[in-house]
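Data first, discussion second: the structure below is written as structure tokens.
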RNA sequence: GCGCCUCUAGCUCAAGUGGUAGAGCAUCGGACUCUUAAUCCGCAGGUUCUGGGUUCGAGUCCCAGGGGGCGUACCA
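Residue numbers (this note's numbering): 1 to 495.
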């Protein structure tokens, strides 16, 4: 931008507010609040630095006392005080009439006040745009969660830490990309419209394409396309993208959420457990400054290596009785009843074991654990365990009682995959509307040969919650899904 | 889905057992040259979520509906 307007040094009162206000097209910013705080830390009170800077943001506080005014300007990085003496501030009267929430650009000398507060003296200033609505209470901000999510553009200014969480999330994604790219992965983008919703067990959203006159599903996982790419000859791929599941909304569930999935040829789940723990420890170190972090007031030790234990072992520990998929089905059903775990006749031993595990054990695992060796019955895309019949080479990392990721050695045998798909169809017919459909193109891809491969999926929102210490997914999703707002007549008639 | 809770001014909150809806902040007007949630004086600001009902009288009690939160179920 070289064609910046000359900076406004005089403003007449009648153009200050909405009526005759002329908005500049650009504003040259040289510095941000936090950088200045860092650069000019520890100045003596009453210092004049001789350093001219230019900053911009919203006026969040204002303290006018006759011939001298103070303001607090907030930008994307933080806040800094504005110092405006009537003698040197252009259009001083108008400056004092700025409202809380107005966007202003200010340039001037960096200095400290007699009380030692780092400030920018207002040598020049420009109204960038006035706010036409009142900002929330400058001390309490917004407390109603509904208002926070619907008016995120206000929330991010007035709620402590709100912006920071999203900045951390962004950095997390950036570090994740670097981590994978450093290991030779390439990032790909696969379809979001799926003719068959596969790759996970979940109810999909349905949409309609007019020209093709066909219903399509919004993807519930990118998995099957990414494995097609391994068949295609990409050896290491990943995708970070939105997936959509037509299920309940809660503090941990948003209908659209961001999933990272990666796949690597010639490798197995042992290697991926190592990569996963290394990745998460790395992100914690970079974002939180330590591999020991705090979540919900409690320490979480993410340092490597993480404990690894089979589903059956962890569950046996909890219930005080050795159980596995070898346990007679009658006994498993009794245990379900004993722990108030609902079950159906159609559940095999594997499904029963997993249900018992999820209801009794998963929520109590705080420090990270790789839970391994899931029943094949509940893992239709995973490869059979190399020496444990009936199980698959699958792991989930459980941290703070929640599933953080899901990975497994991939099933490569097209015949076995076909059988698993049809078993899913049977479950669907038995009333499980989250069961998978048969993806015949995927089977054809497998028939062309999927080399030994491992895959991993990590929910980015859950990971962001963990690393930013947020209790609700809505604090790490900018615009969480809500019912449409009903606008008042006053809102609709504003012009 | 189900259960519990909640909704009052732009924002944060008050209004014993039913009795004229108030305050702080913000906005607007005024005072003030080192404040920092500035302070001080003043004005204005309301379909108490919506619709019914009970009552002489409803923000308050009852019914229905809506928004939201939490828990639970499904799931990541």
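The beta carbon of each residue, even a glycine, is placed where N, CA and C say it ideally should be.
DSSP state of residue 247, grouped into three classes?
-> Here residue 247 refers to the residue found at position 247 when the first chain is read from its first residue. Three-state result, residue 247: coil.
With a CB to CB cut of under 6 Å and the five nearest residues on each side skipped, what residues in its chain are close to residue 301?
-> In the first chain, the residue the question calls residue 301 occupies position 301. Excluding residues up to 5 positions away in sequence, 292, 367 lie with their Cβ nearer than 6 Å to the Cβ of residue 301 in the same chain.
Excluding five sequence neighbours on each side, which residues of the same chain lie with their C-beta closer than 6 Å to the C-beta of residue 85?
-> To locate residue 85, count along the first chain from 1; it is residue 85. The residues are 68.
Hey, could you find the ends of the alpha helix (DSSP H) residue 420 is sitting in?
-> Position 420 of the first chain, counted from the first residue, corresponds to residue 420. Element bounds for residue 420: 414-429.
Sort 63, 152, 139, 54 by Cα distance to residue 477 and report the nearest one.
-> Position 477 of the first chain, counting from 1, holds the residue named residue 477. Of 63, 152, 139, 54, the residue nearest in Cα terms is 152.
Taking contact to mean at least 3 C-beta pairs separated by less than 8 Å, is the region 237-256 in contact with the region 271-280?
-> The region 237-256, when compared against the region 271-280, does not touch it at the 8 Å Cβ threshold.
Would you mind stating whether residue 435 and residue 417 have Cβ atoms separated by less than 8 Å?
-> Counting from one through the first chain, the residue named residue 435 turns up at place 435. Counting from one through the first chain, the residue named residue 417 turns up at place 417. Their beta carbons are not under 8 Å apart, which means residue 435 does not touch residue 417 by this criterion.
Enumerate in chain order the residues of its own chain whose CB-to-CB distance from residue 169 is below 6 Å, with the five nearest sequence positions on each side excluded.
-> Within the first chain, numbered from 1, the residue matching residue 169 stands at position 169. Within the same chain, 464, 476 come within 6 Å of residue 169 by CB-CB distance, once the 5 residues on both sides are set aside.
Where in the region 252-335 do unbroken runs of the beta strand (DSSP E), each at least 3 residues long, occur, reported from the N-terminal end onward?
-> Listed in chain order, the beta strand (DSSP E) runs fully inside the region 252-335 are 256-265, 292-295, 298-301, 307-310, counting runs of at least 3 residues.
Roughly how many angstroms lie between the CA atoms of residue 7 and residue 173, to the nearest whole one?
-> To locate residue 7, count along the first chain from 1; it is residue 7. To locate residue 173, count along the first chain from 1; it is residue 173. Low local confidence applies: a pLDDT of 42 at residue 7 is under 50, so the model's placement there is unreliable, and no value is given.
8 Å Cβ shell around residue 340 - same chain, five flanking residues per side excluded | What you label residue 340 is simply residue 340 of the first chain in a count that begins at 1. Hits under 8 Å: 359.
Helix, strand or coil at residue 103 [DSSP, three-state] | Residue mapping note: residue 103 aligns to position 103 of the first chain, counting from 1. Residue state, collapsed to three classes: strand.
Same chain only: Cβ atoms within 7 Å of residue 399, ignoring 5 sequence neighbours per side | Working through the first chain from its first residue, we reach residue 399 at position 399. Closer than 7 Å at Cβ, skipping near neighbours: 300, 368, 466.
Are the region 120-130 and the region 439-448 touching, with three or more C-beta to C-beta distances below 8 Å?
-> With a cut-off of 8 Å, the region 439-448 and the region 120-130 do not count as touching, because too few Cβ pairs lie within range.
So what does residue 126 bridge to, in DSSP terms?
-> Position 126 of the first chain holds residue 126. Assignment of beta-bridge partners to residue 126 by DSSP yields 105.
How should residue 495 be labelled, buried or exposed, when 16 other C-beta atoms within 10 angstroms of its C-beta is the threshold for buried?
-> Here residue 495 is taken as the residue at index 495 of the first chain, counted from 1. Per-residue confidence for residue 495 stands at a pLDDT of 41, beneath the threshold of 50, marking its modelled position as unreliable; the derived number appears in the next sentence. Exposed, since its Cβ has fewer than 16 Cβ neighbours within 10 Å.
By how many angstroms is the C-alpha of residue 344 removed from the C-alpha of residue 430?
-> Along the first chain, one-based indexing puts residue 430 at 430. Along the first chain, one-based indexing puts residue 344 at 344. Cα to Cα, residue 430 sits roughly 10 Å from residue 344.
Cβ atoms of residue 204 and residue 197: under 8 Å apart, would you say?
-> The residue labelled residue 197 in the question sits at position 197 within the first chain. The residue labelled residue 204 in the question sits at position 204 within the first chain. In this structure, the beta-carbon distance from residue 197 to residue 204 falls below 8 Å.
Are the CB atoms of residue 251 and residue 471 nearer to each other than 8 Å?
-> Within the first chain, numbered from 1, the residue matching residue 251 stands at position 251. Within the first chain, numbered from 1, the residue matching residue 471 stands at position 471. In this structure, residue 471 lies closer than 8 Å to residue 251 by Cβ.
Exposed or buried, residue 189, counting other C-beta atoms within 10 Å across all chains shown (16 or more means buried)?
-> On the first chain, residue 189 is found 189 positions in, with the first residue counted as 1. The residue is exposed, with fewer than 16 neighbouring Cβ atoms inside 10 Å.
Please state if the CB of residue 59 and the CB of residue 36 are separated by a distance shorter than 8 Å.
-> Locating residue 36 in the first chain gives position 36, counting from the first residue. Locating residue 59 in the first chain gives position 59, counting from the first residue. Here residue 36 is not near residue 59, since their CB atoms are 8 Å or more apart.
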